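Asks: Counting from 333, one number per residue, gives the positions in the sequence shown under this note's numbering. Heads up, the beta-carbon is just placed ideally off N, CA and C, and yes, glycines get one too. Keep in mind the model is a prediction, meaning the values are calculated, not measured. After the structure tokens below, expect a handful of questions from me.
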Amino acid sequence: MSEAQASAAQDAGLGAASAVERRLADLGLVLPEVAAPVAAYVPAAVAGGFVYTSGQLPFVKGELPATGKVGAEVGADDAKRLAELCVINALAAVKAQIGDLDRVTRIVKVVGFVASDPSFTGQPGVVNGASELLGKVFGDAGAHARSAVGVAVLPLDAPVEVELIAEFA
Numbered sequence: 333m334s335e336a337q338a339s340a341a342q343d344a345g346l347g348a349a350s351a352v353e354r355r356l357a358d359l360g361l362v363l364p365e366v367a368a369p370v371a372a373y374v375p376a377a378v379a380g381g382f383v384y385t386s387g388q389l390p391f392v393k394g395e396l397p398a399t400g401k402v403g404a405e406v407g408a409d410d411a412k413r414l415a416e417l418c419v420i421n422a423l424a425a426v427k428a429q430i431g432d433l434d435r436v437t438r439i440v441k442v443v444g445f446v447a448s449d450p451s452f453t454g455q456p457g458v459v460n461g462a463s464e465l466l467g468k469v470f471g472d473a474g475a476h477a478r479s480a481v482g483v484a485v486l487p488l489d490a491p492v493e494v495e496l497i498a499e500f501a
């Protein structure tokens, strides 16, 4: 990270940020506060050496930037960016459980749900938004197994929802 980027990260409240958070900052991204659950569940749970996140919606400051079905009200490229937001929210939930994202040794599994118009078949491309971001942030440790599933509707009419399993030490 350049001196200017380090200064910008510090100004953004990332003073003692982990290496993972610095890579996010280099991409122009900052971890948000963990999104409050919209029902009776917790954002993430630890079992053994794994963190399992609940499905994360693409909230930005508590709001969904878009609603509707991908392939109808929401374009595939926009949905791909929304999947990135979902994974950023998932990483915030992981950090809340283990304290430091540098403890993540591997992203094991990603499941992406895409609220799809019946004619839309590009779910894998949408969920690539999450997968590609994890690769940029974690390198080889971000390579994971994955499912990309088209569904009729998601909570709050969100276009995309992502959950993940992360191994940590």
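Between the Cα of R478 and the Cα atoms of G381, E464, A490, which residue gives the shortest distance?
Replies: When only C-alpha atoms are compared, the closest one is E464.
Asks: Just to check my reading of the structure: C418 and Q388 have Cβ atoms closer than 8 angstroms, yes? What is that Cβ distance to the nearest angstrom?
Replies: Indeed, because the Cβ distance is near 5 angstroms, the residues count as touching under 8 angstroms.
Asks: Tell me whether K393 sits in a helix, a strand or coil according to DSSP, three-state version.
Replies: If DSSP states are grouped into helix, strand and coil, K393 belongs with coil.
Asks: State the Cα-Cα distance for the pair F452 and P369, rounded to the nearest angstrom.
Replies: Roughly 28 angstroms separates the two Cα atoms.
Asks: How long is the line joining the alpha carbons of A376 and V383, rounded to whole angstroms?
Replies: Straight-line Cα distance between these residues: approximately 7 angstroms.
Asks: What residue range does the beta strand (DSSP E) around S463 cover?
Replies: S463 -> not in any beta strand (DSSP E); alpha helix (DSSP H) instead, spanning 455-470.
Asks: Taking 8 angstroms as the threshold (C-beta atoms), are A404 and D274 in contact?
Replies: Residue 274 lies beyond the residue range present for the chain, which begins at 333 and ends at 501; the question has no answer from this structure.
Asks: Quick one, are the C-beta atoms of L414 and A425 less than 8 angstroms apart?
Replies: No, the Cβ-Cβ distance between L414 and A425 is not below 8 angstroms.
Asks: How far does the beta strand (DSSP E) with L496 in it extend, from its first residue to its last?
Replies: First-last of the beta strand (DSSP E) with L496: 492-500.
Asks: May I ask you to report which of helix, strand or coil DSSP gives V374?
Replies: The answer is coil: DSSP assigns V374 none of H, G, I, E or B.
Asks: Do H476 and V443 count as a contact pair if the criterion is CB distance below 8 angstroms?
Replies: Their beta carbons are not under 8 angstroms apart, which means V443 does not touch H476 by this criterion.
Asks: On the criterion of 16 or more Cβ atoms from any shown chain inside 10 Å, does V469 qualify as buried, or is it exposed?
Replies: Buried, because 16 or more other Cβ atoms sit within 10 Å of the Cβ of V469.
Asks: Which runs of the beta strand (DSSP E) spanning at least 3 residues fall entirely within the segment 390-445, listed in chain order?
Replies: Within the segment 390-445, no complete beta strand (DSSP E) run reaches 3 residues.
Asks: Suppose the cutoff is 7 angstroms on Cβ atoms and the five residues either side in sequence are ignored; what does the same chain contact list for K427 look like?
Replies: Excluding positions up to five away in sequence, the list reads L363, L433.
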